[in-house]
Structure formats: C-alpha cells, structure tokens
Amino acid sequence: MHRFQELKVWQKAMDLAVDVYTSTENLPSTEKFGLLVQVRRCSVSICSNIAEGAGRNSVGEFIQFLGVANGCL
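Mapping of the sequence shown onto this note's numbering: residues 118 to 190, in sequence order.
Right, dumping it as structure tokens:
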C-alpha cells in the first residue's frame with residue numbers, strides 16, 4: 118500500500134524510539150527487566166505496527182494496525 122519509510126507517522130515513531138532509547142540509557146540497572154525493557158519494546162512495537170500496516174492491501178487493515186500502534190502509547 119505505502120512505502121512505510123515515507124510516512125511521516127513512521128518517521129515520527131522512529132524519532133520517538135530513538136528518544137526513548139536515549140532517555141533510558143542511564144536508568145538504574147534495577148530497572149533493566151522492568152520499566153526499561155517495557156518502554157523500549159513498546160517504542161519499537163509502534164514503528165513495527167505502522168510498517169506492517171502500510172504493507173497491507175486495504176486502508177481498513179492499515180487503520181487497524183495504526184490502532185494497535187496507538188495502543189502502545
């Protein structure tokens with residue numbers, strides 16, 4: 118459907134993921150398996166869902182994946 122790399126929403130999501138990784142670099146090691154991992158996985162999941170939705174064959178499916186991405190916020 119779309120080249121996901123050209124979508125502004127995907128670009129913004131990537132910026133968010135980079136910001137999340139940068140912001141969480143100095144969290145205490147006690148958070149390594151808690152908040153740190155959860156927030157980082159969520160930021161990557163947003164990008165992944167946008168990209169997967171962009172590859173679908175219908176606008177409805179794309180919107181569904183955008184909803185999943187939004188649910189991670």
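Backbone N, C-alpha and C fix where the C-beta goes; we use that ideal spot for every residue, glycine too. Since we're looking at a predicted model, the values are computed, not measured.
Q) Hey, would you say Ala171 sits closer than 8 Å to Leu124, going by beta carbons? A) yes
Q: Using a Cβ cut-off of 8 Å (strictly closer), state whether Val176 contacts chain B.
A: Within the model displayed, chain B is absent; a lone protein chain is all it includes.
Q | Start and end residues, alpha helix (DSSP H) containing Glu178 | A | 176-188
(Q) For Asn166, count the other beta carbons within 10 Å of its own beta carbon; 16 or more makes it buried, fewer makes it exposed. Which is it? (A) buried
Q | Coarse secondary structure for Lys125, derived from DSSP in three states | A | helix
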